[in-house]
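Written out below as structure tokens is the structure these notes cover.
Numbering (my numbering), first residue to last: 7 to 134.
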């Protein structure tokens, strides 16, 4: 029986960025929502109660913020990919990173919906 990995997560982070295929999206910008789920052992931190023994939530937030608020990309798939790879590069204790990126106001003419988005999972092999 496989054991489920420990997961550190941040949900519903909100940032303003200029990503999108349409020129208006890159000119006007829009709000993006990001969820992160990072697979890493939390055992050491649980035993020591020391911040140094876990992945920094603050740093995870900062990585997502830097990328979403940074250089515009045409596709949110590219934004999510950059976030996942940055997290894996940042801390060798991270075994895998799942990034969910939503555009609550995606420009789909005549459509009424909560949000459009992408969810990706990358593990250490993605760095090869």
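Cβ coordinates follow ideal geometry from the N, Cα and C atoms, glycine included.
Since we're looking at a predicted model, the values are computed, not measured.
Query                                                                                                                                        : Result
Which partner residues of residue 45 appear in the DSSP bridge assignment?                                                                   : 13, 102
Name the two residues that bound the continuous beta strand (DSSP E) containing residue 61.                                                  : That residue, residue 61, is in no beta strand (DSSP E); it is neither H nor E in DSSP.
May I ask whether a heavy atom of the ligand ATP can be found less than 7 Å away from the beta carbon of residue 13?                         : Ligands are entirely absent from the displayed structure, and the ligand ATP is therefore not among its contents.
With burial defined as no fewer than 16 other Cβ atoms inside 10 Å of the residue's Cβ, what is the status of residue 60: buried or exposed? : buried
How many Å lie between residue 100 and residue 109 at the Cα?                                                                                : 26 Å
When we look at the beta-carbon of residue 31 and count the other beta-carbons within 10 Å, is it buried (16 or more) or exposed?            : buried
Is residue 39 helix, strand or coil by DSSP?                                                                                                 : strand
Touch check for the stretch 46-56 and the stretch 113-130: three-plus C-beta pairs under 8 Å?                                                : no
Using only alpha-carbon positions, find the residue among 84, 14, 106 that is nearest to residue 51.                                         : 14
If you draw a straight line from the C-alpha of residue 69 to the C-alpha of residue 86, how long is it?                                     : 11 Å
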